[in-house]
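S.K.: Numbering (full-length UniProt numbering), first residue to last: 1 to 48.
Before I ask anything, let me first share the structure, which is written out below as structure tokens.
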């Protein structure tokens with residue numbers, strides 16, 4: 001369910017999941033990439 005949400009977000013932004021992950025990676029600071037992606041998806045659903 002999580003990965004489907006991540007794919008849907010990427011599609012809505014006109015990018016791939018790899019492209020979106022790279023964007024998240026570039027701005028994540030000291031947080032692990034997997035955690036940063038989870039927080040990104042959670043924030044998207046909380047801001048609806």
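Each residue gets a CB set at the ideal place from its N, CA and C atoms; glycine is no exception.
Compute the Euclidean distance between the alpha carbons of residue 20 and residue 38, then round it to the nearest angstrom.
M.R.: Those two C-alpha atoms are separated by around 12 Å.
S.K.: Extract the residue ranges of the beta strand (DSSP E) inside the UniProt domain "Ribbon-helix-helix" (1-44), only unbroken runs of 3 or more that lie entirely within it.
M.R.: You should have found no qualifying run.
S.K.: Quick one, which of 22, 3, 9 and 24 has its alpha-carbon nearest residue 47's?
M.R.: The candidate whose alpha carbon is nearest that of residue 47 is 9.
S.K.: Using the Cα positions of residue 5 and residue 41, report the straight-line distance between them to the nearest angstrom.
M.R.: When rounded, the distance between both Cα atoms is 7 Å.
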